[in-house]
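Numbering-wise, this note's numbering comes out as the position in the sequence shown, counting from 1, plus 3.
Glycine is no exception: its CB is placed at the ideal position from the N, C-alpha and C atoms.
Since the structure is predicted, the reported quantities are computational estimates derived from the model, not experimental observations.
Remarks on the structure that follows.
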Amino acid sequence: MRVVKVVGPEPGEPNVVLVDEDGAEVVEVSEFLRTLTVRRYSPNTVRAYAYDLRRLMLFLDERGLVLGEFTPARAVDFLATLRRTPSRRRAQRLDLAVTVDDGRLLSPRTCNRILGAVSSFYEYLITIERYSGPDNPITQRTDHAAARVPGRWKPPLLTSRSQRPVRRTLRVKTTDPLPRPIGDETYRALIKAMRTRRDRAMLELMHEGGLRPGEVLGLRLEDISYGRCRVTIRWREDHPRGARQKSRRERVVDLLEGRALPALNDYVLRERPQDAETTLIFLVGGRGLRHCEPLSYDGLVRMFARAAERAGVRDAWLTPHSLRHTHATRMFEGGMRELTLMTRLGHASPDSTKIYTRVGAPEVLADYQRAVEGEKT
């Protein structure tokens, strides 16, 4: 059972398919992926669903079961299997990020993501009447807390029932860690380890502007305003390598710290291929035949991983997205208001921004010391 990339898919067709050991396409999964594609899910999200559903199909195949025999009891067994599954850290990609615990097994968050993909898949099967069970095997209940949040964006569900917020009852308890910003010394080491102007410019944009990796890859020449010291993040679906902005809302990101735009200008003028027909900024580069092709997610992740290795940074949590966390943490600690930070980061919900407003151990210690000193006076 493996996920196969589709070269040059037709409009409305998924960029990947799941095939069995005989090379035959798993029809139900392919139809589900096609539905996600038609619903304008990003190519990377579709690929993530494919890899998660591959785990389900392997589980069923090993036990001689078919999709219709996957019951809530089997779902519990499936979860137990996931909790014993080693993490394939070397095969990690940005869109399929697999976090690991100390035992190098799939983390609780990864298991919950897989369960979410399976739940959505069975909601789809129920909708098209391909599953005869009484309910979704990944059992759900109404999420009253989510329903009470005013103005909260609720994604359309592939479901045959009412559009109420739901919470899966089958899930693994997870910790709620504080975001891990990259320290100044580590960041300087990463910058020093960058071998090209392109790589340094991408790093500076994520660190100074809080841009997502997909937003950096999607930038075009017309999105940059050097005079006003800002970049405009626009929703587009035409990136040849599947990169896409997460938010559909256009936003402006000011860059006033004096590092990102000079680095970007240096790359565009001195290193970016001059014969490129595309206006996408970040290209493969070099002297090969593909030098004018846009850079992909995988290319960005590989570049970052190699730079981290050269810099001697081997923390498992360190990814390109960590630069966005670092920027958000710096801005909030520097005094930026929560609502302003939410707008700058392009978050659709305040819940996504609140993680940066939580007080960390250093702040608790500082306040504690001030309180003790005040008590003595």
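| Item | Value |
| --- | --- |
| Could you check where the alpha helix (DSSP H) with lysine 176 kicks off and where it finishes? | Neither: lysine 176 is in no alpha helix (DSSP H) and is coded neither H nor E. |
| Tell me, to the nearest whole angstrom, how far the beta carbon of arginine 1 is from that of methionine 205; I am working on the premise that it is less than 8 Å. | There is no way to answer for residue 1, as the model of the chain reaches only from 4 to 380. |
| May I ask you to report which of helix, strand or coil DSSP gives lysine 249? | coil |
| Which stretch, first to last residue, makes up the alpha helix (DSSP H) that contains aspartate 80? | 75-86 |
| With a threshold of 8 Å, are at least 3 pairs of Cβ atoms found where one atom belongs to the stretch 62-73 and the other to the stretch 237-247? | no |
| What ranges does the alpha helix (DSSP H) occupy inside the stretch 255-280, keeping only unbroken runs of at least 4 residues that lie completely in it? | 263-273 |
| By the DSSP assignment, the alpha helix (DSSP H) with threonine 48 in it spans what residues? | 46-65 |
| Which whole-angstrom value describes the C-beta separation of leucine 108 and threonine 88, a residue pair presumed to lie in contact below a C-beta threshold of 8 Å? | 6 Å |
| Distance, Cα to Cα, leucine 193 vs aspartate 318? | 13 Å |
| Since alanine 53 and proline 140 are thought to touch, with beta carbons under 8 Å apart, how far apart are those beta carbons, to the nearest angstrom? | 20 Å between Cβ atoms; not a contact. |
| Just the Cα atoms here: how many angstroms apart are valine 41 and leucine 368? | 51 Å |
| When the distance is taken between beta carbons, is arginine 58 closer than 9 Å to isoleucine 117? | yes |
| Take glycine 230 as the anchor and find which of Asn268, Arg86 and Ser355 has the nearest alpha-carbon. | Asn268 |
| Please go through the same chain and pick out, in chain order, the residues whose beta-carbon is closer than 6 Å to the beta-carbon of leucine 214, but skip the five residues on each side of it. | Leu208 |
| Tell me which residues share the same chain as leucine 99 and place their Cβ nearer than 6 Å to its Cβ, disregarding the 5 neighbours each side in the sequence. | Since pLDDT at leucine 99 reaches only 43, below the 50 mark, its modelled position is unreliable, and no value is offered. |
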